[in-house]
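The structure appears right after this line, and notes come after that.
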Amino acid sequence: MKSNSSFIVIIMVFFFVHITLLPCRWLKTKANLLTCSNYKIKSQKFTATCDGKNLEIPLINCIGNNNGELVKGKNFSDSCFCSKKLNGKRGTRLVCFCGDNSFPKKQIRTSINLVKVITIANGNLKCWKC
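Residue numbers for the sequence shown follow our numbering, so the first one is 6 and each next one is one higher.
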C-alpha cells in the first residue's frame with residue numbers, strides 16, 4: 006500500500022508542475038516581437054508596428070532593476086536613466102544607467118533585449134510572465 010501512495014504522490018506532483026507551467030508554454034507560442042517594426046521609446050513606453058497596428062506598452066510594467074542590472078520585473082524607472090534610442094543588431098536593446106544597492110549609489114551601464122521581456126499576445130504587446 007505504501008508504494009501505491011508514493012506513486013500517486015509522484016503523479017500528482019508531476020501533474021501539478023505541468024499545470025502551473027502550462028500558461029508559460031502557451032505564451033511562448035505567441036508571436037515574437039521581431040515580427041514587428043518601427044521600434045521606439047516614447048515617454049517611458051515602448052512602441053512598435055505589428056501587423057499594421059501601432060502598439061505600445063509601458064516599460065515600467067515589464068522591466069525591473071536588480072542591483073544595477075535590468076531584468077524582467079517592474080519599476081525600473083525609479084532608479085534608471087535610459088536612452089530613447091534603441092540599440093543592437095535589430096534595434097531592440099534598451100540601454101540604461103541604473104543605480105545599484107551600494108551607498109552612495111553607483112550608476113551602472115546596463116542593457117536588456119526587449120525581445121526577452123515583451124511579446125505579442127492577442128494582438129497586443131504584453132510583458133513576459135515566464
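Cβ coordinates follow ideal geometry from the N, Cα and C atoms, glycine included.
For Gly73, count neighbouring C-beta atoms within 10 Å of its own C-beta (all shown protein chains included) and say buried if the count is 16 or more, exposed if not. buried
Quick one: using the 10 Å Cβ neighbour count with 16 as the cut-off for buried, is Phe51 buried or exposed? buried
Expressed to the nearest angstrom, what Euclidean distance is found between the alpha-carbon atoms of Asp83 and Asp105? 12 Å
In chain order, what residues of the same chain lie with their CB nearer than 7 Å to the CB of Leu39, ignoring the 5 residues before and after it? Arg95 and Val120
Assuming Lys77 contacts Cys67 under a Cβ cut-off of 8 Å, what Cβ separation, rounded to an integer in Å, is found between them? 7 Å
Is the Cβ of Cys132 closer than 8 Å to any Cβ of chain C? Protein chains in the displayed structure number just one, and chain C is not present.
Considering only residues of the same chain and omitting the five flanking positions on each side of Cys85, which have a CB-CB separation below 6 Å? Asn70, Cys101 and Cys103
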